[in-house]
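Some notes on the structure that comes next.
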Amino acid sequence: MTQQEQQEQQESKLFFSRHLLEWYHQQKRDLPWRRHRNPYYIWVSEIMLQQTRVDTVIPYFHRFIERFPTVEALADAPEEDVLKCWEGLGYYSRARNLQHAARQVKEQYGGNVPNDRDAVFSLKGVGPYTAGAILSIAFNRPEPAVDGNVMRVLSRYFLMEDDIAKGPTRIKMERLAAELIPEGSASHFNQALMELGALVCTPKSPRCLTCPVMEHCAGRLAGCETSLPVKTKAKPPRPEERLAALIEGRGAHAGRVLIRQRPMSGLLARMWELPHWPAPPAEGAAPGARLADAAAQDRLRRSLVKAGISARPSEHWMAAEHTFSHIIWTLQVYRCREEEGLPLPMPLAAEGLAVYRAEAAAAVTAYSLEGASANGAGTASSDIGEAGMTPSRGADLESVLLTDSIVPLEVEVFADGTENPEDMGAVRWINREDMARYAFPNVFLKLLNSYFDVQEGRKE
DNA sequence: AAAGCGGGGTA
DNA sequence: TACCCAGCTTT
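For the first sequence, UniProt numbering assigns the number 1 to the initial residue and increments by one for each residue that follows.
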């Protein structure tokens with residue numbers, strides 16, 4: 001680069017910083033977390049804003065701050081309260097990490113959000129972007145805060161064709177963003193950068209004509225602003241067919257349905273849901289094809305029994321879809337009836353388990369008989385017999401139970417009365433009022449509300 | 001370095 | 001309906 005080019009580059013940077021800051025002072029939105037410079041508010045808002053739009057976050061932010069007004073209040077709250085407050089916002093590890101970090105702040109920093117880089121960065125759930133955002137926005141420290149908005153803005157203004165999905169690109173952008181921060185204005189400037197990305201320099205159709213730095217935007221001058229930033233696209237989510245059970249209680253559980261808690265870690269960790277299991281593909285059918293109704297009910301019955309839940313599918317109720325970034329669940333939801341005679345909810349004592357196993361044996365035998373005759377008649381109800389769990393007559397029940405690919409509900413109490421702390425999967429019978437106490441992923445929230453609506457005669 | 005982790009918006 | 005958005009943790 002010649003000396004002249006370097007000088008032009010320098011002027012371009014100064015122009016950018018000056019005009020962007022000026023624009024921000026005129027155009028900034030009135031957002032709840034901008035009304036105070038409370039580091040805790042900034043922190044909570046930044047965690048919520050990860051992968052989430054401002055409009056979605058605002059109501060959650062108000063509720064969260066009202067419920068947990070201080071770091072200490074958050075640190076001292078029961079985890080399920082925090083999860084319930086986050087319900088519907090997605091990426092629930094953010095909520096658990098945030099509370100974990102609040103406890104870090106309470107114990108290690110006397111309840112005050114730290115203002116040095118290493119300390120902030122050490123907080124659970126705080127990575128390079130969020131650390132920079134907290135340090136700059138809350139403490140006006142000259143740290144870069146490079147998120148997707150910022151990378152889009154910078155890649156266009158400086159016409160950078162680096163793949164923003166790659167790690168080294170973020171490092172490069174952070175170096176550049178740090179150089180751009182005007183002396184003493186880190187807080188406003190970093191927010192300005194993100195505000196521009198959100199309001200003007202949008203992914204699809206950037207509003208260049210209203211942009212405060214359009215005159216020196218290299219991407220626009222080259223006419224390639226809409227093809228920036230360069231980014232390798234993620235692979236598509238894999239489809240997963242699942243069978244879900246909406247179990248209607250009887251007797252003591254009349255008017256209630258059964259929910260279970262997910263495992264301590266992994267997908268939707270510790271959230272509550274209707275029980276559901278993978279639907280194996282029908283033999284010889286196209287992958288992803290729906291299981292025939294009778295076969296699906298049979299399969300679901302087996303899953304229920306093996307999970308220690310005494311209930312029987314009665315009819316297909318509805319299908320529901322839940323999309324993650326990496327999986328698409330298609331849930332076929334079956335109404336099921338609780339079968340009386342065996343106490344629910346779990347956990348099972350050893351004797352109870354033996355009873356269930358006996359019933360499972362009966363179910364397996366019944367299945368074998370039905371399956372055999374159905375096969376003889378040439379119908380299509382034999383599609384449960386996938387590898388590893390063919391329930392042929394005389395099959396060893398224990399081996400069926402143990403080698404079945406279905407993950408059982410972990411509802412057993414060990415012989416000494418203790419529970420498995422890692423995979424304890426609690427179950428509960430709930431009515432609509434009880435829903436307020438449990439955090440559900442959106443799809444189950446909608447299913448349960450819809451179900452109770454029908455029960456209460458509010459809808460068809 | 002790549003994969004896992006939700007939910008809502010727009011074209 | 002198809003596609004887009006995107007930061008941190010874990011592996």
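Quick reminder that beta carbons are idealized off the backbone N, C-alpha and C, glycines included.
Bridge partners of E5 according to DSSP: none are assigned.
Annotation: M160 is outside any alpha helix (DSSP H) and is labelled neither H nor E by DSSP.
One thing to note: L193 has its Cβ no nearer than 8 Å to the Cβ of V230. Using a Cβ distance threshold of 8 Å, L300 and A245 count as a contacting pair.
V57 and A282 have their alpha carbons spaced roughly 42 Å apart. For Y334, the enclosing beta strand (DSSP E) starts and ends at I327 to E338. Secondary structure at S314: strand, using DSSP grouped into helix, strand and coil.
V44 sits in a helix when the DSSP states are folded into three classes.
When only Cα atoms are considered, K235 and R220 end up about 29 Å apart. In this structure M264 is exposed. Its beta-carbon is surrounded by fewer than 16 other beta-carbon atoms within 10 angstroms. The three-state secondary structure of Q50, taken from DSSP, is coil.
Distances from the alpha-carbon of E240 to those of T330, P203 and S314 put T330 closest.
Taking a cut-off of 8 Å on C-beta distances, the region 25 to 33 does not touch the region 119 to 127, as fewer than three cross pairs fall below it. L180 sits in a helix when the DSSP states are folded into three classes. The Cβ atoms of L180 and K13 sit closer than 8 Å to each other. The DSSP-derived three-state label of A439 is coil.
F189 is the residue among F189, I65 and I42 whose C-alpha sits nearest the C-alpha of S17.
For T210, the secondary structure class from DSSP, reduced to helix, strand or coil, is helix. For S314, same chain residues with a beta-carbon under 7 Å away, outside a window of 5 residues either side, are R335, C336 and R337 in chain order.
Within the same chain, no Cβ atom closer than 6 Å to the Cβ of L209 is found once the five residues on either side in sequence are excluded.
As DSSP reads the structure, A95 sits in no beta bridge.
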